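Q: So for the sequence shown, my numbering puts the first residue at -8; every next one is plus one.
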Amino acid sequence: FPTRRSSDLAAVGGLVLVLIVGLVIRSYLNGKRDAALRSYNQKVSTIAADESQISAPLFKVLADAANTGQPTVGDEVNSYRVQAQLEAANARGLSVPSQMAGAQQNLLLALDLRAEALQTIARDVPSALGTDSAAAAVAEIAAEMLGLLASDVIYAQRVAPLISQSLAAQHITDQTVASSRFLPDLGWLSPQTVTLRMLGNA
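(1) Could you pull out every unbroken alpha helix (DSSP H) segment of at least 4 residues lying fully inside the segment 114 to 187, listed in chain order?
(2) Can you find the residues in the same chain that come closer than 6 Å, C-beta to C-beta, to Thr111, ignoring five residues on each side of it along the sequence?
(3) Would Gln95 be called buried (16 or more neighbouring beta carbons within 10 Å of its own) or exposed?
(4) Just to check my reading of the structure: Ala126 and Asp115 have Cβ atoms closer than 8 Å, yes? What is that Cβ distance to the nearest angstrom?
(5) Look up Val12 in the DSSP assignment and say whether it is helix, strand or coil.
(6) Any idea if Pro62 is buried or exposed, counting beta-carbon neighbours within 10 angstroms, 16 or more meaning buried?
(7) Could you pull out every residue in the same chain whose Cβ sits closer than 7 Å to the Cβ of Ala57, ignoring the five residues on either side in sequence?
(8) Quick check on this structure: which residue in Asn97, Thr184, Asn81 has the alpha carbon closest to the alpha carbon of Asp41?
(9) To the nearest angstrom, how far is the alpha carbon of Gly13 from that of Leu153?
(10) Given that a residue counts as buried once 16 or more other Cβ atoms are within 10 Å of its Cβ, and exposed if not, what is Ala75?
(11) Taking Cβ to Cβ, would you say Glu78 is nearer than 7 Å to Leu49?
(12) Would you call the CB atoms of Ala108 and Leu139 closer than 7 Å?
(13) Three-state secondary structure (DSSP) at Gly191?
(14) Nearest to Gln90 by CA position, among Ser30, Leu53, Glu67, is which residue?
(15) Helix, strand or coil: how does DSSP classify Leu6 here?
(16) Cα-Cα, which of Ala2, Arg105, Asp25, Arg83 is closest to Asp165?
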């Protein structure tokens, strides 16, 4: 009987040990997953902040184009185009937890829309400030603002909510999900307003 009792105790002890090891492993994996989710959100927040450092000065340059001069404005807008493309490339290099796959897909779409819009705007700024084909160039610049608006909608309606949902699903409540708005106002969608703001005349 003592031998049987010892065997039973050993079996119970082994089972308890397996359960403890399982709980430790599960806790480790959950902690690793949560850390990855937090890290992803923080990196997206950094990208959102960097995007605002492109948008604000870009539109300041465009609004003051008439006083700055064609070569300078063209060079500055082109530099913001390069920065936007770098941000899109940086986003592609993020380590993405599986729970954030949807957010990442929409983030890349939003950033690509911004980079592509700035590429066209940078191309058209010299013509818009020149005497030849100015009206057509201004119209194209205004049209590209729709891409910037679309990027803002995608970020607000898809990127931020999907990140929030993924964090909430894991009961992570210590994170702030950043917003990102690139187009300062809807007036930039109008060729007449773009002309007034960039050239100082209607």
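Positions of the beta carbon are idealized from the N, C-alpha and C atoms, including for glycine.
These numbers come from a predicted model, not from an experiment.
A: Quick look at the numbers:
(1) 125 to 145, 151 to 160
(2) Glu135
(3) buried
(4) Separation of the CB atoms of Ala126 and Asp115 is rounded to 11 Å, and the pair is thereby denied contact status at 8 Å.
(5) helix
(6) exposed
(7) Here the set comprises Met189, Leu190, Gly191.
(8) Asn81
(9) The alpha-carbon atoms of Gly13 and Leu153 are separated by roughly 31 Å.
(10) buried
(11) no
(12) yes
(13) coil
(14) Nearest C-alpha to Gln90: Ser30.
(15) Residue state, collapsed to three classes: helix.
(16) Residue Asp25 is the option with its Cα nearest to Asp165.
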